[in-house]
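Structure first, then comments.
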DNA sequence: CCTTGCCTTGACGTCGGCGTCAAGGATTAC
DNA sequence: GTAATCCTTGACGCCGACGTCAAGGCAAGG
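Protein chains in written order, with our numbering: chain A, 5 to 146; chain B, 5 to 146.
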């Protein structure tokens with residue numbers, strides 16, 4: 005199979021495959037005409053890469069999985085090195101999720117505070133001074 | 005105050021301030037010698053930008069806050085446009101967190117599955133065939 | 001034979017938010 | 001006075017995973 009077919013069957017592009025090859029991740033045999041030639045096993049490797057990429061793994065992080073498959077193991081994660089990557093990734097994800105939740109809480113708090121302040125200003129304008137139209141934008145106090 | 009002092013007081017770099025200026029976010033007045041000149045109000049704006057940046061806001065997303073302050077409002081989030089940014093960000097964060105949690109769950113499952121497979125192989129090797137040393141790497145089945 | 005479509009390598013572009021260097025002018029400390 | 005430190009603009013570098021274009025070779029269908 006040639007590069008275009010492999011790309012299509014894996015749902016990616018020829019550019020991506022050449023890039024992987026340039027990174028030494030997915031080398032290709034060559035036909036007489038110089039065309040890259042791939043087989044079903046390459047498709048397997050490529051799908052492993054793509055799956056991990058979709059999970060947000062760096063390209064380099066997929067290498068142990070690919071090497072594991074290429075070494076003849078039944079799965080990309082049949083090797084200790086792959087399991088280590090999984091574990092590092094889990095820790096990384098946990099840290100990231102915690103961080104994002106913290107940010108989410110802080111932003112939520114800011115929004116709530118700002119909305120309270122806005123509503124208090126609106127209430128102030130309604131009761132004591134009189135219901136004058138509030139200037140939305142532009143030098144207000146100034 | 006000149007650019008170096010402002011940078012230091014905001015805990016950032018002169019390069020960053022020039023970058024903000026190039027993006028039209030934090031323009032500077034110029035002294036007779038051509039040096040940029042800033043005041044306390046600029047420091048305020050800059051701190052607003054930095055806070056949001058630390059939350060992971062894009063630079064463009066800080067613009068409404070800066071413009072709000074520059075318009076004379078008491079806070080960067082005293083304007084509707086800023087509140088909209090907050091809300092968009094909250095949605096974005098929620099989506100991202102969900103996505104990461106989903107990925108985390110899937111990776112965790114993969115790890116558990118792979119570890120089970122490994123342990124089953126180890127158990128197989130221990131009981132029936134005999135406790136032969138297992139080949140760690142290299143063509144095993146092949 | 002000619003067109004269409006695949007393939008090749010090479011190389012520059014993208015995105016965001018700056019870092020880093022270069023060459024030179026201004027200011028300040030001693 | 002002079003050296004050290006600040007400032008100026010300009011421009012290239014970085015990171016990751018490719019996209020996109022260019023110029024050309026090879027193949028297959030009508």
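C-beta: ideal position from N, C-alpha, C; glycine also. Keep in mind it's a predicted model, so treat the numbers as computed, not measured.
110, 111, 112, 114, 115, 117, 118, 119, 121, 122: these are the residues of the stretch 110-124 of chain A whose beta carbon lies less than 9 Å from some beta carbon of chain B, given in chain order. The residue from 93/A, 58/A, 50/A, 15/A with its alpha-carbon nearest to that of residue 72/A is 50/A.
Taking the C-beta atoms as reference points, residue 18/B is found nearer than 7 Å to residue 8/B.
Rounded to whole angstroms, the separation of the alpha carbons of residue 48/B and residue 114/A is 17 Å. DSSP, read as helix, strand or coil, puts residue 33/A in strand. For the pair of segments examined, the stretch 54-70 of chain B was found to touch the stretch 80-89 of chain B: the number of CB pairs separated by less than 8 Å reaches three. Less than 7 Å divides the Cβ of residue 33/B from the Cβ of residue 41/B. Chain order gives the chain B residues near residue 60/A as 107, where near means a beta carbon separation below 7 Å. The beta carbons of residue 97/B and residue 119/A sit about 17 Å from each other, so the pair does not count as a contact at 8 Å. In this structure residue 108/B is not in contact with residue 104/A, their Cβ atoms being roughly 12 Å apart against a cut-off of 8 Å. Judged by their CB atoms, residue 89/B and residue 64/B are not nearer to each other than the 7 Å cut-off. The alpha-carbon separation between residue 22/A and residue 59/A amounts to approximately 21 Å.
In the three-state reduction of the DSSP assignment, residue 17/A falls in the coil class.
Listed in chain order, the positions of the stretch 85-106 of chain A with a beta carbon within less than 8 Å of a beta carbon of chain B are 86, 87, 90, 91, 93, 94, 97, 98, 100, 101, 104, 105. Under the 10 Å beta carbon count, residue 24/A is surrounded by 16 or more other beta carbons and is classified as buried. Counting only residues of its own chain and dropping the five nearest sequence neighbours on each side, residue 56/A has a CB closer than 6 Å to the CB of 66.
By the C-beta density criterion, residue 85/A is exposed, having fewer than 16 other C-beta atoms within 10 angstroms.
Taking residue 75/A as reference, the option from 102/A, 111/A, 101/A, 45/A with the minimal CA-CA separation is 45/A. Taking all protein chains in view, the Cβ of residue 127/B is surrounded by fewer than 16 other Cβ atoms within 10 Å, so the residue is classified as exposed. With fewer than 16 neighbouring CB atoms inside 10 Å of its own CB, residue 110/B falls in the exposed class. Any Cβ of chain A closer than 7 Å to the Cβ of residue 43/B would place that residue at the interface, and such an atom is absent.
The Cβ of residue 46/A sits no closer than 7 Å to any Cβ of chain B. One thing to note: residue 6/B has its Cβ within 7 Å of the Cβ of residue 39/B. With fewer than 16 other Cβ atoms from the protein chains shown falling within 10 Å of its own Cβ, residue 116/B counts as exposed.
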